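The next block holds one structure in the form of structure tokens; read it before the comments.
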Amino acid sequence: MKPKVYITRKVPIDLLKELKAVCEVDVWEHDDIPVPRHVLEEKIVDIDGLFCLLTETIDQSLLDKANSLKIISNMAVGYNNIDIEAAHKRGITVTNTPGILTETTADLTFALLMATSRRLVESAEYLKKGEWKTWSPMQLTGQDVYGATLGIIGMGRIGEALVRRAKGFDMTCIYYNRSRKPQTEKELGVAYAELDDILKGADFICILTPYTNETKNLIGERELSLMKSTSILINTARGGIVDEIALYEALSTNKIWAAGLDVFEEEPVDPTHPLLSLPNVVAIPHIGSATVNTRRKMAELAIENLLLGVTNQTPKSVVI
Ligand code: NAP
Ligand code: GLV
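So the sequence shown is numbered by this note's numbering: it starts at 160 and just counts up by one.
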């Protein structure tokens, strides 16, 4: 009997060819609606493999319904949507898609840094609304990127890729990480600093840690109060790492200059969310890895992991 797999969103059809030759493949076909929980609860009962996205919460109560599940293949590098401990306790392998999205996500992070510092979205709106009456010396002035200090919180794959971009802008790079990275310091010319010193000293703070119990609300009222009034916060990691109420307060009272946000505590973010009403916020819908090439590569790797998992082979990128 062929192994059964469930795929929780449409993926490019050509990528499923090999999988379909080996497995019985069932797909949630709606591109714009996540699979409802009750459907997932039904499907999980007798499948051998699950291909899911960061929009699916894979928790204990769901896993309790799985009778034959061997592998959960997440099409994302972040896996905070999955209860890893609960999966491992049940002998289920979890995989993610690290590495292949690193450069694309670093590009987007740098794009947010540029957009916020030079007020790109605000300026484009100003022009479209017909508010551009003349050129004047201090009109729509922003903050310099070239030569500024970049503070990275979470010096992993994407953090390092961001440093490489920043070096082209002659930026001084400092970082805070759970563990120190002497090799990275030497190779990329970055300096380690304590979190508070990064917050006090950097012109740009980029959050690039995973979302865990330790990083939940890592940046709250106290941390934001340490930042300079000209500083910019960029979050392309996960929403819950920054306290959104405190961030709104800091931005709306100009305690910090601006924020670039690709991720939110609740996604999709409510369009009436107070943060979205602020001119100094550039908000985008979790598109860090969203290029055609990268998303295809992520889907390919996630399918490969799924296939290896259901055929009792070792998948390529196992979460441990
Ligand atoms: P990574 O290589 O694992 O890097 C994460 C870094 O964060 C590691 O260096 C890790 O330190 C550090 N870290 C972990 N917990 C920490 C803590 N409590 N305090 C300080 N540092 C801590 O991951 P990555 O590939 O760069 O991705 C980072 C995150 O970005 C992902 O987990 C995901 O949530 C997010 N992401 C978002 C998008 C998007 O579309 N917006 C796309 C890709 C990724 P250690 O070396 O000590 O483990
Ligand atoms: C996207 O957010 C990812 O974790 O890959």
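All C-beta atoms in this analysis are idealised placements derived from N, C-alpha and C, irrespective of residue type, glycine included. Only a predicted model underlies this, so the values are computations on that prediction, with no experimental measurement involved.
Contact belief for residue i with residue j at Cβ below 8 Å, rounded distance in angstroms
| i | j | result |
| --- | --- | --- |
| ALA417 | ILE400 | Contact flag wrong, Cβ pair sits at about 18 Å. |
| ILE241 | ILE231 | 6 Å |
| LEU139 | GLU200 | Residue 139 falls outside the range modelled here, since the chain spans only 160 to 479, and no answer is possible. |
Residue i Cβ short of 7 Å to the ligand ATP heavy atom set
| i | result |
| --- | --- |
| GLY258 | Judged by which ligands are present, the ligand ATP is missing from the structure shown, whose ligands are the ligand NAP and the ligand GLV. |
Any non-hydrogen atom of the ligand NAP closer than 7 Å to residue i Cβ
| i | result |
| --- | --- |
| ASN336 | yes |
| MET314 | yes |
| VAL422 | yes |
| ARG397 | yes |
| HIS189 | no |
Spatial neighbours of residue i in its chain, beta-carbon cut-off 8 Å, leaving aside the 5 residues before and after
| i | result |
| --- | --- |
| LEU125 | Lying outside 160 to 479, the shown extent of the chain, residue 125 is not represented and no answer is given. |
| LYS161 | VAL181, CYS182, GLU183 |
8 Å Cβ cutoff met for residue i and residue j
| i | j | result |
| --- | --- | --- |
| LEU299 | GLU319 | no |
| THR263 | THR473 | no |
| GLY258 | ARG323 | no |
| ILE333 | ALA352 | yes |
| ALA325 | GLY419 | no |
| PHE488 | ILE393 | Summary: the structure shown does not reach residue 488, with the chain confined to residues 160 through 479, and so no result is reported for it. |
| THR252 | VAL477 | yes |
| LEU260 | VAL236 | yes |
| ARG337 | GLY301 | no |
Any non-hydrogen atom of the ligand GLV closer than 7 Å to residue i Cβ
| i | result |
| --- | --- |
| SER448 | yes |
| ALA461 | no |
| VAL236 | yes |
| LEU367 | no |
| LEU467 | no |
| LEU213 | yes |
Contact set for residue i: own chain, Cβ-Cβ below 7 Å, skip 5 residues either direction
| i | result |
| --- | --- |
| LEU385 | ASP355, LEU358, LYS359 |
| PRO427 | PRO444 |
| ASP485 | Residue 485 is absent from the model: the chain starts at 160 and stops at 479. |
| TYR238 | VAL253, ASN255, VAL478 |
Neighbourhood of residue i by C-beta distance below 6 Å, restricted to the same chain and skipping five residues each side
| i | result |
| --- | --- |
| ASP402 | ASN376, GLY379 |
| LEU481 | Nothing can be reported for residue 481: it is not among the residues displayed for the chain, which extend from 160 to 479. |
| VAL170 | ALA458 |
| LEU435 | ALA442 |
| ASP191 | none |
| VAL194 | THR167, TRP187 |
| ALA350 | ILE333 |
- request: Quick one: which unbroken alpha helix (DSSP H) runs of 4-plus residues sit fully inside the stretch 293-363? Chain order, please.
  value: 316-326, 341-347, 354-360
query: Which ranges does the beta strand (DSSP E) cover as unbroken runs of at least 3 residues, wholly within the stretch 364-439, from first to last along the chain?
result: 391-394, 417-420
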